[in-house]
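Some notes on the structure that comes next.
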Amino acid sequence: MILKSHIGLVQIFFSFRSSILNKIWPRVLGMMAFSGVVTYFELGLDQPVYTLTTIPFSLIGVALGIFLGFRTNASYARFWEGRQLWGRMVNVTRTFTRQLELYLVPPAGVNPALVSECRREIVLRTIAYVESFRALLRDEGTGAAGDRLDPEELARIATRRNPPNAVLEILADRLRLAWQKGWIHDYHLPALDASLTEMTSIQGGCERIKGTPVPFSYSLLIHRITAFYCLLLPLGIVDSVRLATPLVTFLICYAFFGLDAIGDEIENPFEREPNDLPLDSLTRNIEIDLLQMIGESNVPPTLVPVDDVLT
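Going by the working numbering, the sequence shown opens with residue 689, and the numbers climb by one from there.
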């Protein structure tokens, strides 16, 4: 995610790092070069080329702008839903850890250190769950989840198609053992299980976004119409804007190709593109919060943006 507190006038025109222009400039320059050729033949050599009126381009341009707006809105809705789901993940992991502090308590005659260590191990595996979930969304295996798991548990999740779901099973096993030992009251176990259920629901929502892209036929149609429109645009405006044809073509192509590319980029908000969600940072923040809640002193630092990009 690109983080900029303020965009000045100079940055508006000369900021190219992490800009969508880095992806579309070959197409924009290609269309601009073609418009230059059309302008040269029409005006420079006085060799009229087959031109069109501006009426069809005005009508098609309005319709194309509406289609691109719908496409961008649909992609942003997926982006925002993904951010809301991860916001819920932040909340439920904090709630789950607080519930452990409240409900997982030593009964009379039990060494409090044993219960405290059990609580700590469950929290560490909660962090492992979030890390494995982040890695699943970015197709990175199990990520750093193994740092918080026993070798047997790591081997268990390594063979699974869905590692974070396996970590949830490990968490459920730990809760069941604590309940069987009498460290969790019968009335409190459903509340802890409800937190695991909420994690499952959040994971399912993110997997739905990742596994169900915008229909390919719709995206392909938008790509084709945009390309044909920008390619034929110089033929429709050269008679009216004359020598400004390449400049006008550049501005219109930049707007249309840019909207098209932004829709593609944020369609799957869990990738590592500059405009995608900062899953690394969200995961690290959860890790820091949970470790501090159980009184750990060895806490990793907060991630900071690199070149205004937070991953």
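Built from N, CA and C at the ideal position, the CB exists for glycine as well.
Of the residues the options, which one's Cα is nearest the Cα of residue i?
i     : options                   : result
E955  : S723, R766, P744 and I690 : R766
F755  : E975, V936, T914 and L939 : T914
R776  : D881, L865 and E886       : E886
S883  : T760, I950, L788 and A832 : L788
D948  : A762, W871 and Y791       : A762
A968  : V994, Q980, I712 and Y764 : The sequence given here has Asp at residue 968, not Ala. With distances taken between Cα atoms, D968 lies closest to V994.
F722  : E984, V936 and V997       : V936
P1066 : Q868, H911, L908 and L970 : Residue 1066 cannot be examined here, being either before or after the span of the chain that is shown, 689 to 999.
R813  : P851, P744 and L773       : P851
Y817  : I890, S985 and I743       : I890
I1011 : T999, D952 and L923       : This structure cannot speak to residue 1011, because the chain is shown only from 689 to 999.
A860  : R849, V725, E841 and T847 : E841
Going straight from the alpha carbon of residue i to that of residue j, what length do you get?
i    : j    : result
F958 : V855 : 20 Å
H876 : E809 : 19 Å
V716 : G899 : 31 Å
L790 : E828 : 35 Å
P878 : C918 : 59 Å
R807 : W871 : 10 Å
F938 : G753 : 16 Å
V798 : F904 : 60 Å
C941 : M719 : 8 Å
R836 : S820 : 11 Å
L880 : E984 : 22 Å
For the alpha helix (DSSP H) that residue i lies in, which residues bound it at each end?
i    : result
Y906 : F904 to V929
F745 : T742 to Y791
V725 : L709 to T727
N850 : Element bounds for N850: n/a, residue is neither H nor E.
F938 : T933 to E955
K888 : Checking the sequence shown, residue 888 turns out to be Thr, not Lys. Start and end: L877 to G899.
N963 : That residue, N963, is in no alpha helix (DSSP H); it is neither H nor E in DSSP.
Does DSSP put residue i in a helix, a strand or coil?
i    : result
I810 : helix
V855 : helix
I690 : strand
On the premise that residue j lies in contact with residue i, defined as a C-beta separation below 8 Å, what is that separation, rounded to the nearest angstrom?
i    : j    : result
T727 : L931 : 7 Å
I976 : P966 : That belief does not hold up - the Cβ atoms of I976 and P966 are roughly 14 Å apart, past 8 Å.
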